[in-house]
Structures are given as structure tokens and as C-alpha cells.
Amino acid sequence: AKAAGRGCFRIFDAGIDTCLQQRVRFEAELRCAIGRDELVPHFQPVVDLATRQLLGFEMLARWPHPTRGMVPPTEFIALAEDLGLIAELTENLLRRACREAAAWPQELPVAVNVSALLLQSPALGETVRAVLEETRLPPHRLEIELTESMLIENFDLARELADSLAALGVRLALDDFGTGYSSLARLHALPFAKLKIDASFVRAMTRDADSYKIVAAVIGLGRSLLLQTVAEGVEEPAQVEALVGLGCDSGQGWLFGRPVPAEAVPALILQAMPS
Ligand code: C2E
Ligand code: CA
Ligand code: CA
Ligand code: CA
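Here the sequence shown stands for residues 379 to 653, numbered as in full-length UniProt numbering.
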């Protein structure tokens, strides 16, 4: 093993590369990458569906890996949780997302995802407060996304976190809505400003009548509770048309823009600004 920076070792033993060794190495690499701030925030635009006006961005984590290419969060978030690194990862990325957003040429909001495991950590509210103070991002420009499954698995802790974030002036969005079965009472008991409709329903809505009905019901629910509705995973103009017809406010998806690195964001904002 060869030293590669603060507490990090690269392991070279080609030839006997078993599955277990690969996993051990991947874990060690992730540990190093987090410690050395090598995870990179990317930003995906959120737009007004009817006018295509740019409304803000969601931060999505990426890990540029020396041999595996750009590793998506689906491959490292759960691992970071297992390794006890999720609090550090979240704080790092939150800080960088807020710092970037504070420097954007227009005061648009940035959304950050929070892992379910962090509900167990009472310090998250305090971390968010400290990061906002440090980066000078006004609280109303930060949006924290909690998933519907977090409400179902641990409602009391989710409520505590949601209340402490709302008290800071941070906005809350309910992510992946429709994939769980949270009760209306629970939904209403938390200070959400937004419902994000899961991409699986959006993808199917123009082909499958049941999915269309689910999307229609979710949008109706959001409107009656005075919540913003956001459709995720919008890829086709036909989806936009159907969503606008149902009164959905905003959308996110490849049709409007893929997640891009921080350096590319100011140009996107300037390009979208009325001249
Ligand atoms: P999510 O929060 O539901 O994010 C939306 C995912 O859909 C992102 O995947 C995004 O790149 C992808 N996506 C956006 N538009 C389209 C589209 O039109 N078509 C398709 N096929 N996909 C689209 P990504 O970036 O791989 O992230 C996956 C999940 O990982 C996220 O799902 C979120 O739950 C989690 N995640 C991402 N960043 C973080 C983070 O910093 N912290 C935590 N805890 N979780 C994160
Ligand atoms: Ca999200
Ligand atoms: Ca989502
Ligand atoms: Ca999702």
C-alpha cells in the first residue's frame, strides 16, 4: 500500500482482485474522497412548466472516480451511510451548494437532499444554521428535500427536523412523492412548501391511465394544500403538455437540462435572464 494523503492508502494488488477486495477498496476510496472534498456538487435546473422560466436548481452529488468515471449518488450515498460518513458528506456538499448559490448572478433557490439516516442526528438543524451563517445564503434560498419514505419510517424525528428547519426560514420539499403511502394528516402536519412528484409516475403518465390518475391526484392534493408541485424526470414535450393541463407548477428533467457542474451554472442563469 502506498500513502496517498491524509489517512488514505491506495491498495495495489492486481491479479487477486476479488469482489470483496473491490468492495473494500471502493469503501476506502469513498472515505478518502469525502475527507478530501472530492465529491462534486452538480446542479439541475427547475423550471416553470408553462413559461419555462428558470426557478432554481437542485444540487445532486457526483463522485469523479479515477477509473470508474462519474459515479452517481445511487452508488455511494447508501455506502456512505453504512460507513458512518453521511453526516460529513452532507455537511460538505451543503456548504459548497450554499457557497455556490450565494454567488449566483440571480437570487435563485438551491435544493439539497438529506438522507434518512440523518434524522437520527439532532445536530442537522444546527449544521444548516451554521452553514447558512457562514456562506451568508439567506435561509429562504435554501430548500431541503426530505423523502416521503422518511416520513413513513420515522415521523416524529422527521417532524422535529422539519420544524427546526422551518424555524430557520428554510423551505421544505417532500421528495419522491407518490412512492410511499404517507397519510394526508401526516403530510399536513409538516411545514412543506413543495411536493415533488416521483419520476416513475411522470414517465408513465402519458402511456398508462393509472399513472396519469395518480399524477392528477397528487397535483390536486398539492393545490388544495397550497403546496407548489414539481414534476421530476420530465423528458418529453407530451409530458409537459399533460402536466400543464393538470395544473402542475414546475418541472425538472432532461428536457430542460441535465445536472451540470457549478462552473456552468452562472452562464445558464444569465442566459435565462430577460435582457
Ligand atoms: P432524486 O432526489 O429523486 O434526484 C433526481 C434524480 O433523477 C437525479 O439522479 C437526477 O439526475 C435524475 N434525473 C433528473 N432528470 C431526469 C430525467 O429527465 N430522466 C432521468 N432518467 N433521470 C433524471 P441522481 O443525480 O443519480 O441522484 C439519485 C438520487 O440520489 C437522488 O434522487 C437523491 O435521492 C440522491 N442524492 C443525490 N445527491 C444527494 C446528496 O447530496 N445527498 C443525499 N443524501 N442524497 C443525494
Ligand atoms: Ca431530490
Ligand atoms: Ca426525487
Ligand atoms: Ca427518486
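In this text, a Cβ means the ideal position worked out from N, Cα and C, and glycines have one as well.
Mapping the DSSP letters down to three states, classify alanine 381 as helix, strand or coil.
For this step, residue 381 is matched to residue 3 along the sequence shown. Confidence is the limiting factor: at alanine 381 the pLDDT is only 46, short of 50, which leaves the residue's position unreliable, though a coordinate-based value still follows. Residue state, collapsed to three classes: strand.
Let me know if alanine 637 comes out buried or exposed under the rule of 16 or more other beta-carbons within 10 Å of its beta-carbon.
For the purposes of this step, residue 637 is identified with residue 259 of the sequence shown, where counting begins at 1. What sits at residue 637 in the sequence shown is proline, not alanine. Flag for proline 637 reads buried.
Buried versus exposed call for leucine 417 [16 or more other C-beta atoms within 10 Å across all chains shown]
Here residue 417 corresponds to residue number 39 of the sequence shown, with the count starting at 1. Buried, since its Cβ has 16 or more Cβ neighbours within 10 Å.
Please list the terminal residues of the continuous alpha helix (DSSP H) segment that includes glycine 413.
Locating residue 413 in the sequence shown gives position 35, counting from the first residue. Looking at the DSSP string, the run of the alpha helix (DSSP H) that includes glycine 413 is 397-413.
Counted within 10 angstroms of its Cβ, other Cβ atoms place serine 560 as buried (16 or more) or exposed:
Here residue 560 refers to the residue found at position 182 when the sequence shown is read from its first residue. Buried: at least 16 other Cβ atoms inside 10 Å.
Buried or exposed for alanine 587, please, with buried defined as at least 16 other CB atoms from any protein chain shown within 10 angstroms of its CB.
In the sequence shown, counting from the first residue as 1, residue 587 sits at position 209. So alanine 587 counts as exposed.
Any heavy atom of ligand 2 inside 7 Å of the beta-carbon of aspartate 553?
The residue you call residue 553 lines up with position 175 of the sequence shown. At least one heavy atom of ligand 2 sits closer than 7 Å to the Cβ of aspartate 553.
Which of the three DSSP states, helix, strand or coil, is assigned to proline 639?
Residue 639 sits at position 261 when you count from the first residue of the sequence shown. Per DSSP, reduced to three states, the secondary structure at proline 639 is strand.
heavy atom of ligand 1 below 7 Å from glycine 631 C-beta
Translated into positions along the sequence shown, residue 631 becomes position 253. The answer is yes for glycine 631.
Residue range of the alpha helix (DSSP H) that includes phenylalanine 579:
Your numbering for residue 579 matches position 201 in the sequence shown. Note, phenylalanine 579: alpha helix (DSSP H), 577-582.
Can you give the Cα-Cα distance for leucine 457 and serine 493, rounded to whole angstroms?
Numbered from its first residue, the sequence shown carries residue 457 at position 79. Numbered from its first residue, the sequence shown carries residue 493 at position 115. Distance between the alpha carbons of leucine 457 and serine 493: 12 Å.
Looking at the unbroken alpha helix (DSSP H) that takes in threonine 513, where does it start and where does it end?
One-based indexing of the sequence shown puts residue 513 at position 135. 502-513 is the span of the alpha helix (DSSP H), which, as asked, contains threonine 513.
By a C-beta neighbour count over all protein chains shown, 10 Å radius and 16 as the cutoff for buried, is alanine 381 buried or exposed?
Within the sequence shown, numbered from 1, the residue matching residue 381 stands at position 3. In this prediction, alanine 381 scores a pLDDT of 46, lower than 50, which makes its location untrustworthy; the coordinate-derived value is nonetheless stated afterwards. So alanine 381 ends up on the exposed side.
For a quick check, are the C-beta atoms of valine 490 and leucine 520 less than 8 Å apart?
In the sequence shown, the residue the question calls residue 490 occupies position 112. In the sequence shown, the residue the question calls residue 520 occupies position 142. The answer is yes: Cβ separation under 8 Å.
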